[in-house]
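Each remark here refers to the structure printed beneath this line.
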Amino acid sequence: MHFAPADPSELPAIAALVNSAYRGESSRQGWTTEADYLGGQRTDAQTLASDLAANPQAMVMTLREAVGAPLLGCVWLEPADAGAWYLGMLTVRPDLQDRQLGRTMLAAAEDHARGQGAQRVRMTVIQIRDTLIAWYERRGYARTGETRPFPYADLRFGQPARDDLEFIVMEKAL
313 MHFAPADPSE
323 LPAIAALVNS
333 AYRGESSRQG
343 WTTEADYLGG
353 QRTDAQTLAS
363 DLAANPQAMV
373 MTLREAVGAP
383 LLGCVWLEPA
393 DAGAWYLGML
403 TVRPDLQDRQ
413 LGRTMLAAAE
423 DHARGQGAQR
433 VRMTVIQIRD
443 TLIAWYERRG
453 YARTGETRPF
463 PYADLRFGQP
473 ARDDLEFIVM
483 EKAL
């Protein structure tokens with residue numbers, strides 16, 4: 313497997329992959345769908361480019377079988393605070409979510425963060441995503457007890473179909 317930082321030219325393909333895994337009918341091929349409680353797109357190339365420009369240390373890492381092969385997955389990484397890195401947008405093509413690519417990519421992202429000096433990795437997960445939370449817990453992440461409000465006013469996160477969403481914060485020591 314080839315795990316490497318995305319080139320800016322790949323942002324449209326990354327956005328399409330993320331949207332296919334989390335929103336709309338294509339997301340129902342996998343188990344990571346948010347389509348039942350969030351509509352609209354998850355991201356777009358312009359938002360990714362803007363977010364990367366705003367934080368020059370942030371990166372989107374991509375997963376492929378080999379250099380130049382089709383995109384299989386991606387993950388967002390950025391330094392958060394002293395010793396912690398934030399991990400988000402972990403995405404695997406919906407039709408390949410039974411190949412353990414998510415755990416492969418998660419381990420590679422943790423290794424990359426560790427190589428950059430991270431002592432722990434932090435993430436946020438929508439609190440109603442019980443299956444996803446359990447998946448992360450099996451990989452060593454624990455709930456910190458901290459919650460963050462869902463950004464209802466920021467449609468970059470989608471169009472909520474319910475008003476009780478919030479994020480839980482999870483963390484793993486490396």
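The numbering of the sequence shown is the numbering used here, which starts it at 313 and goes up by one. Beta carbons are placed, not taken as given, at the ideal position from N, Cα and C, and that holds for glycine.
C-alpha gap between residue i and residue j, whole angstroms
{"i": "Ala-421", "j": "Ala-347", "result": "26 Å"}
{"i": "Arg-450", "j": "Leu-444", "result": "10 Å"}
{"i": "Gln-409", "j": "Ala-325", "result": "18 Å"}
{"i": "His-314", "j": "Glu-377", "result": "6 Å"}
{"i": "Gln-353", "j": "Gly-470", "result": "6 Å"}
{"i": "Ala-394", "j": "Thr-456", "result": "16 Å"}
{"i": "Trp-447", "j": "Ala-328", "result": "24 Å"}
Near the ligand FMN: residue i beta-carbon under 8 Å from a heavy atom
{"i": "Phe-469", "result": "No copy of the ligand FMN occurs in the structure displayed, which carries no ligand at all."}
Endpoints, the alpha helix (DSSP H) within which residue i is located
{"i": "Val-404", "result": "No alpha helix (DSSP H) contains Val-404, which is instead part of the beta strand (DSSP E) from 396 to 404."}
{"i": "Ile-326", "result": "323 to 334"}
{"i": "Thr-359", "result": "357 to 366"}
{"i": "Thr-345", "result": "Premise fails: Thr-345 is in no alpha helix (DSSP H) and is neither H nor E."}
Residue interval of the beta strand (DSSP E) (run including residue i)
{"i": "Trp-388", "result": "383 to 393"}
DSSP beta-bridge partners of residue i
{"i": "Glu-483", "result": "Arg-434 and Ala-454"}
{"i": "Met-373", "result": "Pro-317 and Val-387"}
{"i": "Glu-478", "result": "Pro-461"}
{"i": "Leu-350", "result": "Pro-472"}
Beta-carbon gap between residue i and residue j smaller than 9 Å
{"i": "Arg-405", "j": "Leu-383", "result": "yes"}
{"i": "Ala-425", "j": "Leu-486", "result": "yes"}
{"i": "Leu-375", "j": "Leu-323", "result": "no"}
{"i": "Leu-399", "j": "Gln-439", "result": "no"}
{"i": "Met-435", "j": "Tyr-464", "result": "no"}
{"i": "Tyr-334", "j": "Ala-473", "result": "no"}
{"i": "Leu-364", "j": "Met-371", "result": "yes"}
{"i": "Ala-396", "j": "Ala-361", "result": "no"}
Beta-carbon separation (whole angstroms), residue i vs residue j, contact threshold 8 Å
{"i": "Glu-483", "j": "Val-437", "result": "About 11 Å separates the two Cβ atoms, so there is no contact after all."}
{"i": "Val-387", "j": "Leu-402", "result": "5 Å"}
{"i": "Val-481", "j": "Arg-460", "result": "7 Å"}
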